[in-house]
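*Asks:* In full-length UniProt numbering, the protein residues as written are 1 to 94.
Written as structure tokens, this is what we have:
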């Protein structure tokens, strides 16, 4: 597995995310959405940060540790009106 680059949340505005879903299989995609919603609840209730590993347009994995404020059909919303497309998210660590 490639080395995961760690960034600050503020650097997200400079990123171009994967345009294809980085997770294959409906069951794994459903689990990702369940994890994202769990992380959203933790963020809104306890202000808990989670580690989000996503993939950029070049296929490189990147991690940011932050609070998820909202989950929509297509993306997650972070503090500061920053968004990450759900299809680019590879893993959520609590």
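Beta carbons: idealized from backbone N, C-alpha and C, even for Gly.
(1) With a floor of 3 residues, list each beta strand (DSSP E) that falls wholly inside the region 24-73, ordered by position along the chain.
(2) By alpha-carbon positions, which one of 4, 55 and 67 ends up nearest to residue 45?
(3) From residue 88 to residue 3, what distance separates their C-alpha atoms?
(4) To the nearest angstrom, report how far apart residue 36 and residue 83 are at their CA atoms.
(5) Please determine, among 50, 29 and 27, the residue with the shortest C-alpha to C-alpha distance to residue 38.
(6) Which stretch, first to last residue, makes up the beta strand (DSSP E) that contains residue 90?
*Replies:* Checking against the coordinates, here is how it stands:
(1) 50-55, 61-66 and 68-71
(2) 67
(3) 17 Å
(4) Their backbone Cα atoms lie some 13 Å apart in a straight line.
(5) 50
(6) Note, residue 90: beta strand (DSSP E), 89-93.
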